[in-house]
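Note that the protein sequences, when read in sequence, are chains A and B.
First residue of the first sequence? That's 1 in my numbering, and the numbers climb one at a time after it.
First residue of the second sequence? That's 1 in my numbering, and the numbers climb one at a time after it.
Reviewing the structure listed below.
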Amino acid sequence: GAVVSQHPSRVICKSGTSVKIECRSLDFQATTMFWYRQFPKQSLMLMATSNEGSKATYEQGVEKDKFLINHASLTLSTLTVTSAHPEDSSFYICSAPPSGGVTDTQYFGPGTRLTVL
Amino acid sequence: KQEVTQIPAALSVPEGENLVLNCSFTDSAIYNLQWFRQDPGKGLTSLLLIQSSQREQTSGRLNASLDKSSGRSTLYIAASQPGDSATYLCAVKGGGSNYKLTFGKGTLLTVNP
Numbered sequence: 001g002a003v004v005s006q007h008p009s010r011v012i013c014k015s016g017t018s019v020k021i022e023c024r025s026l027d028f029q030a031t032t033m034f035w036y037r038q039f040p041k042q043s044l045m046l047m048a049t050s051n052e053g054s055k056a057t058y059e060q061g062v063e064k065d066k067f068l069i070n071h072a073s074l075t076l077s078t079l080t081v082t083s084a085h086p087e088d089s090s091f092y093i094c095s096a097p098p099s100g101g102v103t104d105t106q107y108f109g110p111g112t113r114l115t116v117l
Numbered sequence: 001k002q003e004v005t006q007i008p009a010a011l012s013v014p015e016g017e018n019l020v021l022n023c024s025f026t027d028s029a030i031y032n033l034q035w036f037r038q039d040p041g042k043g044l045t046s047l048l049l050i051q052s053s054q055r056e057q058t059s060g061r062l063n064a065s066l067d068k069s070s071g072r073s074t075l076y077i078a079a080s081q082p083g084d085s086a087t088y089l090c091a092v093k094g095g096g097s098n099y100k101l102t103f104g105k106g107t108l109l110t111v112n113p
């Protein structure tokens with residue numbers, strides 16, 4: 001099946017620093033990718049939709065200036081958490097529909113555990 | 001706003017038992033419903049996807065049903081095994097112009113040998 005990778009798998013940083021998380025589709029092109037956040041024992045919450053070659057679409061309540069998304073190619077989307085704070089500590093997961101169409105099943109990356117001290 | 005609820009939150013069963021996980025959603029205008037498995041600290045693995053026009057899907061020991069009008073889905077696991085231990089997530093994709101996945105909080109399943 002389709003494979004989505006994320007890097008890094010785990011990151012610990014100091015408060016106030018910025019952290020970049022990469023999401024790659026390894027064997028297919030993805031014009032659209034999705035970024036989710038999952039707090040312990042909570043649902044995955046969609047943060048934003050990443051669109052190749054255009055601006056990301058953010059969900060209500062998600063600060064676009066804090067969570068910068070760049071979808072520079074058909075296989076790579078990056079999420080940068082700027083000036084991270086302890087409350088940003090969470091599990092971040094990306095997903096992509098393999099055909100690039102939003103109606104298809106989505107394949108998820110393995111996630112990135114962010115801990116902000 | 002779509003809301004997805006999964007019951008029970010946690011379930012512990014002995015190996016070999018058949019079990020049912022429940023999922024309900026508030027807005028029946030969905031495009032499809034998907035069941036995922038999530039192992040601790042890992043990403044999601046898609047198990048079954050049911051289109052809004054379908055009633056059920058089967059894969060091996062797994063069977064998922066969908067009753068769109070009542071806003072319910074069940075995931076049936078036959079002859080459970082310790083390797084089935086994981087969190088099972090239900091997610092619905094909105095219809096119309098809203099192709100977003102809304103997830104439940106999941107059911108943590110433990111199958112004891």
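Cβ atoms here follow ideal geometry from the backbone N, Cα and C, with glycine treated the same way.
Using a Cβ-Cβ cut-off of 8 Å, state whether A:I93 counts as contacting chain B. yes
Hey, does A:P98 have any beta-carbon neighbour from chain E nearer than 8 Å? You won't find chain E in this structure, because its protein chains are A and B.
One or two residues paired with A:H7 in a DSSP bridge: A:E22
Taking the DSSP output, what are the residues bridged to B:T74? B:N22, B:S65
So, at 7 Å on beta carbons, what are the nonlocal neighbours of A:G111 in its own chain, with the 5 sequence-adjacent residues on each side left out? Q6, F91, Y92, I93
Less than 6 Å between C-beta atoms, sequence neighbours within five positions excluded: which residues of the same chain meet that for B:Y76? V20, N63
Output, in sequence order along the chain, the residues in the stretch 18-34 of chain B whose CB is closer than 9 Å to any CB in chain A. Y31, N32, Q34
Close Cβ partners of B:P8 (< 7 Å) along its chain, the five nearest in sequence each way excluded: T107
Along chain B, in chain order, which residues have C-beta atoms closer than 7 Å to that of A:P110? K42, G43
With DSSP as the reference, label A:P86 as helix, strand or coil. helix
Answer yes or no: do B:F36 and B:Q2 have a C-beta to C-beta separation smaller than 8 Å? no
Exposed or buried, what is B:I50 when buried is set at 16 or more other beta-carbons lying within 10 Å of its beta-carbon? buried
A:T105 versus A:S18 - alpha carbon distance: 32 Å
B:S46 touches chain A at which residues, Cβ-Cβ below 9 Å? G1, T105, Q106, Y107, F108
With a Cβ-Cβ cutoff of 8 Å, do A:T82 and A:R24 count as a contact? no
Could you check which residue in A:L117, A:L46, A:T31 has the C-alpha nearest to that of A:S89? A:L117
Taking any Cβ of chain B, which residues in the stretch 42-54 of chain A have a Cβ under 7 Å from it, in chain order? Q42, S43, L44, L46
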